[in-house]
Structures are given as C-alpha cells and as structure tokens.
Amino acid sequence: MMKLHIKNNFTSELPADLDLENTPRQVEKACFSYVTPVKPRNPELIHASVEVANTIGLSKEDIASTAFLNTFSGTTIYPETKPYALCYAGHQFGNWAGQLGDGRAINLTEVQHNNESYTLQLKGAGPTPYSRNADGFAVLRSSIREYLCAEAMHYLGVPTTRSLSLLLSGDPVLRDILYNGNPAYEKGAIVARVAPSFIRFGSFEIFAAREDHKNLKLLADYTIKHHFSHIQKEGIEKYLAFFQEVTQTTLNMIVNWQRVGFVHGVMNTDNMSIHGITIDYGPYGWLEDFDSGWTPNTTDRQHKRYRYGNQPEMALWNLYQLANALYPLILDAKPLEVILEAFSTNYEKEYLKMMQNKMGLQIKKEEDVVLIHSLVELLQRVETDMTIFFRNLSDVTKVATSKVAFNTVKAAFYNEKDLDETILSEWYDWFEKYSIRINEEVISDLERKEQMDKVNPKYVLRNYMAQLCIDDADKGDYGLLNELFEMLKKPYDEQPNFQKWFSKRPDWARDKVGCSMLSCSS
C-alpha cells in the first residue's frame, strides 16, 4: 500500500479562497484556492524517477501500483489531502501583469520524509480559478521537455524542481504551437513535480500590490518558519535575513545557468522561486553556438529581454520587485538597497570563479578576467558549440603549441570555413596566453582535466534531442526517452555508449520547430 507522510501546513496555516467555484476570477485575501484535478480519461504512466520517489518516501514497487497512477494522474485524491492552486501575481517581460496564479498546476499536498518537506504538484491536470482563458491542461510535447530537463538540471548540479512522473492523460488537448491560427489536437500529459514549495516572488507581489499587508506578513512569516527555520531573528531583521538568503540562492542559481549554458527563456517574477531553484520549464533552451544574445522564446524574439547574457541582470531586476513587495514589512529602503547593490559585485566574483574553474585555473588570479573576457569575445566571433568547446578544452596540455591546442577544440566549430586567417590568428594568440597561464598551475594535466570535467558537462539536453524524443513518444515509442533519462543522470561522465550525443546540433535542427525557438504554448 502506497504510503505518504502527509503534512498540510500550507493549507492549514494560510488563508484559503472562500469561493469554491472553479471559475476564472480575481481571488482576494487568499494564498490559494481549493481545486480538484480533472479525472483523465485513460491515464498511462510513461516514466517515473525512482530516485525522486525515494526522496518523498515511495519505492519502486509503489511506482508500479494502481494507487500511484491514480494519485499522480489526478484520478483520485489521496486520503486526508485537499488539492489547491496558488494565488500570485507577477511582472511579465517587465510589465506588471496583476493576478496570475497556478493556471495549469495543482498542488496535491505536502509530504515529509527524512525530516525534509516537499510539495507535490501536478502540471496539466485541469483548470483552476487562475486559468484565465486557458484550459489548464498540458500536452505531451511540453511535458516531456519539462520532465527531462528538470532531472537533467539536477544531475548537472543546478538547483531545480524535480520530476517524479510523466503520464499520458488519454485526452486530446487543442494547441496552436506557432500561434499562427492553425490549432491542432495533441496528446494530453501530466507531469508530477516536487519542490520544497512552489512559493514565488509573485506570491508576495500580489499582497503588496493590493496593500494587503496582513496576508503579506502571514505569508512571509509562514515561509520563514517552514522553509528558512534557521533564521532566528525577529521583526525587521528576520525579513531582511530572508531577503538576503533569497538573493544569494538566486545568484547561485544564475551562475550555474551560465556555467552549463542554460537559458530559461521566461524569467518573469511569477517564475522565480523563493528557494533559488529553477522552476517552470517552458520555452527554455541550451546554448549550442555560444551567443550571449540568444533566447529560445519566440515571444521575446524582438527585445531579447531574457537572452543568455542578460540573465544575471534580469535576476537582479526581479529581486528589486521582491524587495518592493517586502518593503511594507520593513519600511526602510536602505537595508534592502544594500543587499541589492551587493548583488552585481558578488555575481562578478562568483562568475569569475566559475569561469576559472571551467578553464582549469585552480590558482585564482585577478588578471584572469582579461583572459576570460577575450575568450568570450572569441567564442562569439564564429558559430562555436559551447558544451563541446569547454569539454575538449580539458584535453589541452601544458606543452601543447597554440596550433595543437586549437586543433584539440576545433570540433566545436560549426563551419571551419568561417575560420579565416584573422580569426585563426586571434585563436592562436589566445591559446598562447592560455598555455602560459596553465603552466603557472601546480597540478598536472591529468588532475586539471579531472577538475575541469567535473564542471564542464559532456552531455546536456539539447533541444534537438528533446524533439527527437517527442517525435518518437508521439508514436508511442519511449525508448529514446528512457535512453536520454539514463544518459542525463551522469552528464560529466564519458559514457562511451552515448558518444553519439556528444556532437553539434545537426543542420536539420537549425530552424526546426522545437529545436531552435519555442513558444509558451503547451
């Protein structure tokens, strides 16, 4: 018998929406609305993570049970639980959007296991009062992308929500994938997500915007009590310590995004977790050619607000909005400004350290900034695969000439014809400086390679890989889903049996839907 250790802290300690009608509306003076998932017509489990199941106290045998299928498809409500959707607001692409909320996510319950608490959530299980004009469902296409990417990010060492299970609902879902007036039915799917909580920056913004300071304080006190319990301060100092920690964990998350070449695509404040974890995998993407101006989101194509190189600045902008939301609890802008003003300086320090590690520079020198800056500029001169470049850079030895060193990474370039004499000369000059620098290191080539390979992944979930998986899954073939899931568990290992995935994006994927730009459609 599947057994979860239920905790209903959120719903028992915070105000609920008194209106039980599941209709789109403005929800006032409430942190959540009770809502029941829509029973799927013919649910089918496609994949589940045994590791995540173990994390919440379930076994491999539990995953195979009817109770698991029924609970995580929304078919039945687990005993002593009442599913709910969160109420929150947000800034979308820099503009205040007002109330947003869980439009297609339903929180099943909170559980506790090994003294850790987790919230279990279904994405794509039907409408909520926050669905506005949408249906609250999700399609297989976007669900596969979310399911795989959250787990890929975890194994890369990037803070993230986790994926417990991926199911087909058995119901068709109508979507216009390109927003061009040609909607079509796709397979419906449901992802079960796991996180400490799904509280966002926007959870605080909505109360501040409505000047509902009573509930703003209730939510802040609840969040600190249950998720930041190590903060023992009281009054204003408590809220400042909370904001300081959210700022730091957000900074750490962004540094890790930049390290592995991940672009979130839609860094609105409603998509920012107060835990500093990556949340809401929509139109995300991986840098294939190193381009700081790239964004995978079609909605952001014109202004590129959430492009790769702008993610640190957008994180800070979002933190300013959180600071504004918390201000009524503090009533003093100065200490908040001190924390915010330190963000950029601290980010630069952490970014420098991260890049030094990627380049195998154990001895930290301030002048490395120049070497790093010139590398980033060079990587953008011609189309260069980020993952392959940094992974192969670890094979450059101290005795290698500039030409030999360049040939070691040459496989990362998409078109060698782009490498004219001027660019080649610049690369040789850079490798000459890099050679001098790594010869200052006391560790051996082998030790340096081992260290670099721990921070430079060999395998990431490239968009074309996810699309191939989606194409197969649409035909009922989940072999590639299983293969990618297993490979992405060990992204830093050589895994010679998966060598075919250590390659540049194929030409056919350059402009294919789902492989380059993506919409928020799901």
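Numbering-wise, the numbering used here puts 1486 at position 396 of the sequence shown, and it's gapless, one number per residue. Backbone N, C-alpha and C define an ideal beta-carbon position, used for all residues, glycine too.
For Gln1401, which three-state DSSP category applies? helix
Among Gln1116, Gly1191, Val1486, the one whose alpha carbon lies nearest that of Arg1528: With the sequence shown as reference, residue 1528 is identified as Ile, and Arg is not the correct amino acid for it. Looking at the Cα atoms, Val1486 is the closest of the given residues.
CA-to-CA distance, Val1532 to Ala1120, given in whole angstroms: 59 angstroms
If you follow the alpha helix (DSSP H) that Gly1569 is in, where does it begin and where does it stop? 1569-1577
Grab me the residues of His1244's own chain with a C-beta within less than 8 angstroms of its C-beta, minus the 5 sequence neighbours each way, in chain order. Thr1250, Arg1252
Do Thr1477 and Pro1547 have their beta-carbon atoms positioned less than 8 angstroms apart in this structure? yes
Among the residues of its own chain, which have a CB less than 6 angstroms from the CB of Val1263, if the five just before and after it don't count? Counting only Cβ-Cβ distances below 6 angstroms, and skipping sequence neighbours, we find Phe1227, Val1229, Glu1276, Gly1278.
Tell me whether Leu1108 sits in a helix, a strand or coil according to DSSP, three-state version. coil
What residue range is occupied by the uninterrupted alpha helix (DSSP H) comprising Val1201? Taken as a continuous stretch (DSSP letters only), Val1201 belongs to no alpha helix (DSSP H), being part of the beta strand (DSSP E) at 1195-1203.
Alpha carbon to alpha carbon, what distance is there between Gln1411 and Asn1185? 11 angstroms
Rounded to whole angstroms, how far is the Cβ of Pro1217 from the Cβ of Asn1197, which I believe are closer than 8 angstroms? Incorrect: roughly 15 angstroms between the Cβ atoms, too far for contact.
Applying the 10 Å Cβ sphere with the 16-neighbour rule, what's the burial state of Ile1289? Ile1289 should be labelled buried.
Have a look at Ser1612 and Arg1538 and give me their C-alpha separation to the nearest angstrom. Any reading at Ser1612 must be qualified, since the residue scores a pLDDT of 45, below 50, and its modelled position is unreliable; the value itself is stated next. Take the alpha-carbon of Ser1612 and the one of Arg1538: they are about 43 angstroms apart.
Could you please give the first and the last residue of the uninterrupted alpha helix (DSSP H) stretch that includes Asp1564? If you look at Asp1564, you'll find it in the alpha helix (DSSP H) that goes 1553-1564.
Here's the rule: buried if 16 or more other CB atoms are within 10 angstroms of the residue's CB, otherwise exposed. What is Pro1386? Buried.
Could you tell me whether any non-hydrogen atom of the ligand MG is closer than 7 angstroms to the CB of Val1532? The model depicted lacks the ligand MG and carries no ligand whatsoever.
Comparing C-alpha positions only, which one of Asn1361, Ala1501, Leu1551, Thr1171 sits nearest to Ala1187? Asn1361
Reducing DSSP to helix, strand and coil, say where Leu1409 ends up. helix
What three-state label does DSSP hand Ser1363 in the structure shown? strand
Whole-Å CB distance - Tyr1208 paired with Pro1286, under 8 angstroms assumed: Indeed, because the Cβ distance is near 7 angstroms, the residues count as touching under 8 angstroms.
Sort Asp1225, Phe1332, Trp1384, Glu1378 by Cα distance to Ile1429 and report the nearest one. When each option's Cα is compared against that of Ile1429, the closest is Phe1332.
Span of the alpha helix (DSSP H), counted from its first residue to its last, around Gly1292: 1291-1299
Could you check whether Gln1446 and Ser1382 sit closer than 8 angstroms to each other, using their CB atoms as the reference points? no
Neighbourhood of Thr1161 by C-beta distance below 6 angstroms, restricted to the same chain and skipping five residues each side: Tyr1168
Less than 8 angstroms between the C-beta atoms of Leu1578 and Leu1536, yes or no? no
Is the beta carbon of Gly1292 sitting closer than 8 angstroms to the one on Thr1359? yes
Within 8 angstroms, do at least three Cβ pairs link the stretch 1418-1428 to the stretch 1337-1345? no
For Val1284 versus Thr1113, is the C-beta distance shorter than 8 angstroms? No, the Cβ-Cβ distance between Val1284 and Thr1113 is not below 8 angstroms.
Limits of the unbroken alpha helix (DSSP H) element including Asn1160: 1156-1161
What separation, rounded to the nearest whole angstrom, lies between the Cα atoms of Leu1108 and Tyr1549? So the alpha carbons of these two residues sit roughly 48 angstroms apart.
Measuring alpha carbon to alpha carbon, tell me which residue in Glu1431, Leu1148, Arg1235, Asp1311 is nearest Ile1096. Leu1148
Examine the Cβ distances between the stretch 1490-1510 and the stretch 1436-1452 and report whether three or more of them are shorter than 8 angstroms. no
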